[in-house]
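Chains as they are written, first to last, in our numbering: chain A, 1 to 691; chain B, 1001 to 1354. C-beta: ideal position from N, C-alpha, C; glycine also. Only a predicted model underlies this, so the values are computations on that prediction, with no experimental measurement involved. Single-structure report; data block below.
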């Protein structure tokens, strides 16, 4: 191709790169920047004032207060401040009226609209009369007879001085104050880090994530080593089972364990226990079983890929088995193990379903953000966005540590011999088998529980012992649509992810455009540090207004899944491409095939095996996604996971349908999974050692 | 069966004009100029990293020169991509597609050129026979030995009737005996088809045996172009002498009509080398280990020394002779001697490097 013929729009690959770059920037960077912007917006506060009566001064209802701090100067004067600055004070010493006065703020001409709502512009003292950037809105509500409210006698306002207003109100009125100003500042962050509730969330998240990862790490690595070193009879079955466990819906464990050991759980009631799994200990327990498969699989791969000659060389130099393990094998396996631990930690940290289901009161960051976001509908997403930024920063920090640690430590060892797994002694064999059985049983308790309970009748939230089909019948009558939504969004997202992912991988590996190649590489990895909850918030913020009004559509679900799975698709396509020697494509070109044809004829067929495995795995993971789904969906586009989740947590929920739906989901997961595990050794595709 | 022999008119000549190639700040080729005649078997010879493969890939179109031109038969094809030229390229690692059969590998180029199925069948059979591999069309590459795979790769390149055959160290992955037999086979096919060939290798024995002309390269530059005989017997530079074949390179100085290194090492120079102005200046003299003959007591010897070491090579014995120079002189002959023996030797052919 002559240099002077290359023009960004004529070269299809450059065009593709540009389009992908723009789309990804919008979906990841722009949406996250919007969250950042929201987090530094200190939206004005609000509160409700219960006006004074004969002998009682006015009072601010504490639970309605946000954005302001309150200080009782005298029994009848309340001083309001915001972010440390005095705002105004309310003097209710005279019944039937309040006087707002301020040293720092001057009020403009108040206006009363036909609904009786008072709008008072204000600005800093000393600013001109015209320059009043913000407004204070006051609305009056009087509660007469039970549940009845009227506006009562309308408000009357009089400006006494630039910094003083008298407002006359009805007796026993409630005045809703709302400040509509918007400022930029770190007030939200100050609030976040000084409020016990929010700090608790951070601490809980970290505690749960670290504890679970450490335990799962020890257990998973140990088991992986045993299976790598010893010739055990059912190794491939064990690996298949653990792989199955790694694709389970993340909240399945929470839901099932709560069913068993919750306060009114099956086992709890059966054994008359005075103990419940609800609480932090339960969350940690469930998450351990959630993340242990990925640690096992990646550690196993690591140990198995150490060439036997490394070990034997160590023996020949005088080190016994134990020293060889600690000084040679473990260090060589560390990169893979660390990658597994990283993925486990991130999963534990960003898990939404488990803490929410197991312990409604326990706040972790994803749960906190979800709750704040859902309750802040109406525009004031400050805490949710602040929490999101904190989560992303923590995730990035963890990723940075992992990257730095692994930067100098990538070992590609060329396997020349088959590793010799030793045959264990009979006692060892039995011990390992018992251990394996226990661990696998723990990992599969949820699956079996759900399977069994789906066939029993639930009465008022308690499982009875009456077998029935009715859960499935209700499912098919009411929620069949959800299965369709899950399948279509999953398929569309997987196809999109993998076709774009292969293209991006090709551009990164083969094209090496100077700026865009590098930029794309970084852009594609950003979703790794964005938890599902945070991604959903970002999408909602940028897609809730025309022309991009996508909230609640099928498309927004697909886009969210696309963004979350793209890094994996790119990485697995990249590693497939690197394995294909460039000479293979060059041979085709030397024989007359254009680059596009040579890619299609040579590279693509050689990649396709790995791509299909990776795509299937992605599809399965999309089908079990909950943290983004729960925030983005709107009926009728309600995927199966949303149905199950809602039927698990709501009071009066239909546990029967939840169980039945979970069973259907498990079938949809494990049948394809069975096919790809028998075709390929799937754990290799799970490995993201390039991470 | 059609006759696929072609005449000279179709084989292409290649002119390389001052080609420079940089990878970032690294200069792989520093201004190379060559002209390769139509139907010639031209070898690029040099050590690893000398730029020979880069030059070949530029000629093929896999790399674009940073500056300079490459002409095929006077047409500037410098920036033409490989799929628009009619070249046959043979890779060092064969590059056979592992998921296609031998037949499919070879047929690929013809399918691109939209030949009919029957034409393709005939041509593939012809190619397989030419390379001595009849009937293996159905096999997959992994079922073949290294030598067979390489021959399939060559067949794939030839089957499209290319105007030029480009070979990038095609034999380096094969064992010694196979290398020898296959290189002769390649040469014979090339002669039979009268096709221009550019062959890249680091094996100077290979280059000497099968080339019409050789370009010796080092560090991105061409040091000498010539026939194998030119290169071997009249190496223009010290590097060429050392790289191609074995050489004794002895530092010393010229004095009068001789080159002196020590008391016992005094080589008489030919008249043309006795120029007055070089008197006393340091230089190096190069002579091949076989360019020595033994001289009796009465004859005039260029050097005298004792055998300090001896290596047996079957047809040749190699002796290290200490003649008082910094390094021992290497002398090759089939005449048996023993260590410790004294020898008197005369040089039959030498080159001087100032």
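{"Asked": "Over the uninterrupted alpha helix (DSSP H) stretch that includes residue 1103 of chain B, give me the two end residues.", "Found": "1102-1112"}
{"Asked": "If you draw a straight line from the C-alpha of residue 1008 of chain B to the C-alpha of residue 1050 of chain B, how long is it?", "Found": "Per-residue confidence for residue 1008 of chain B stands at a pLDDT of 45, beneath the threshold of 50, marking its modelled position as unreliable; no derived number is given."}
{"Asked": "Which parts of the segment 426-499 of chain A are runs of the beta strand (DSSP E), unbroken and 3 residues or longer, counting only runs that do not cross its ends?", "Found": "456-459 and 462-467"}
{"Asked": "For my contact list, residue 450 of chain A and residue 256 of chain A are in at a C-beta cut-off of 8 angstroms; report their separation, rounded to the angstrom.", "Found": "5 angstroms"}
{"Asked": "From the beta carbon of residue 1042 of chain B, is the nearest beta carbon of chain A less than 9 angstroms away?", "Found": "no"}
{"Asked": "Helix or strand or just coil, what does DSSP make of residue 313 of chain A?", "Found": "helix"}
{"Asked": "Would the beta-carbon of residue 17 of chain A fall within 9 angstroms of that of residue 511 of chain A?", "Found": "yes"}
{"Asked": "Tell me which same chain residues have a C-beta within less than 6 angstroms of the C-beta of residue 654 of chain A, skipping the five on either side of it?", "Found": "647"}
{"Asked": "Check each residue of the segment 1067-1086 of chain B: if its Cβ is closer than 9 angstroms to any Cβ of chain A, include it; give the result in chain order.", "Found": "1079, 1080, 1081, 1082, 1083, 1084, 1085 and 1086"}
{"Asked": "Residues of chain A with CB closer than 8 angstroms to the CB of residue 1109 of chain B, please, in chain order.", "Found": "591 and 592"}
{"Asked": "Please report the straight-line C-alpha distance between residue 1112 of chain B and residue 592 of chain A, rounded to a whole angstrom.", "Found": "6 angstroms"}
{"Asked": "Between residue 300 of chain A and residue 239 of chain A, is the Cβ-Cβ spacing less than 9 angstroms?", "Found": "yes"}
{"Asked": "Going along the chain, which residues of its own chain have a beta-carbon closer than 6 angstroms to the beta-carbon of residue 454 of chain A, five neighbours each way excluded?", "Found": "471, 659, 660 and 663"}
{"Asked": "For residue 618 of chain A versus residue 488 of chain A, is the C-beta spacing smaller than 9 angstroms?", "Found": "no"}
{"Asked": "With distance defined between alpha-carbon atoms, name the residue in B:1285, B:1318 and B:1269 nearest to residue 1300 of chain B.", "Found": "B:1269"}
{"Asked": "Give me the subset of the segment 564-588 of chain A whose CB atoms are less than 8 angstroms from a CB atom of chain B, sorted by chain position.", "Found": "581, 583, 584, 586, 587 and 588"}
{"Asked": "Report the neighbours of residue 602 of chain A on chain B: residues whose CB is nearer than 7 angstroms to its CB, in chain order.", "Found": "1097"}
{"Asked": "Against chain A, does residue 1179 of chain B count as a neighbour if the rule is that its beta carbon must be under 9 angstroms from one of theirs?", "Found": "no"}
{"Asked": "Name the DSSP beta bridge partners of residue 1353 of chain B, please?", "Found": "B:1284"}
{"Asked": "Whole angstroms is fine: what's the gap from residue 1090 of chain B's alpha carbon to residue 616 of chain A's?", "Found": "38 angstroms"}
{"Asked": "Is DSSP giving residue 688 of chain A helix, strand or coil here?", "Found": "In this prediction, residue 688 of chain A scores a pLDDT of 33, lower than 50, which makes its location untrustworthy; the coordinate-derived value is nonetheless stated afterwards. In this structure, residue 688 of chain A counts as coil in the three-state DSSP scheme."}
{"Asked": "Rounded to whole angstroms, what's the CA-CA distance from residue 1235 of chain B to residue 1047 of chain B? Just pull it up for me.", "Found": "16 angstroms"}
{"Asked": "What's the gap between the Cα of residue 1272 of chain B and the Cα of residue 1339 of chain B?", "Found": "37 angstroms"}
{"Asked": "Where does residue 201 of chain A sit, in a helix, a strand or coil, going by DSSP?", "Found": "helix"}
{"Asked": "If I'm right that residue 501 of chain A touches residue 625 of chain A with Cβ under 8 angstroms, what's the distance once you round it to whole angstroms?", "Found": "The pair is not a contact, with the Cβ atoms about 17 angstroms apart (cut-off 8 angstroms)."}
{"Asked": "As a quick exercise: from A:281, A:329, A:335 and A:99, pick the residue whose alpha carbon is nearest that of residue 298 of chain A.", "Found": "A:335"}
{"Asked": "Could you tell me the distance, in whole angstroms, from the CA atom of residue 1115 of chain B to the CA atom of residue 245 of chain A?", "Found": "53 angstroms"}
{"Asked": "With DSSP collapsed to three states, give me the class of residue 307 of chain A.", "Found": "coil"}
{"Asked": "CB-CB under 6 angstroms to residue 1054 of chain B, same chain, minus the five flanking residues each way: which ones, in chain order?", "Found": "1021, 1028 and 1029"}
{"Asked": "Between the segment 514-537 of chain A and chain B, which residues of the former have a C-beta closer than 7 angstroms to a C-beta of the latter?", "Found": "none"}
{"Asked": "Establish whether the CB of residue 1171 of chain B and some CB of chain A are separated by less than 9 angstroms.", "Found": "no"}
{"Asked": "Give, in chain order, every residue of the segment 435-449 of chain A whose Cβ lies closer than 7 angstroms to some Cβ of chain B.", "Found": "none"}
{"Asked": "Grab the span of the alpha helix (DSSP H) containing residue 1094 of chain B for me, first residue to last.", "Found": "Note, residue 1094 of chain B: premise wrong, no alpha helix (DSSP H); not H, not E."}
{"Asked": "Output the distance between the C-alpha atoms of residue 50 of chain A and residue 382 of chain A, rounded to the nearest integer angstrom.", "Found": "26 angstroms"}
{"Asked": "Just checking: is the beta-carbon of residue 12 of chain A within a distance shorter than 9 angstroms of some beta-carbon in chain B?", "Found": "no"}
{"Asked": "What separation, rounded to the nearest whole angstrom, lies between the Cα atoms of residue 1173 of chain B and residue 581 of chain A?", "Found": "16 angstroms"}
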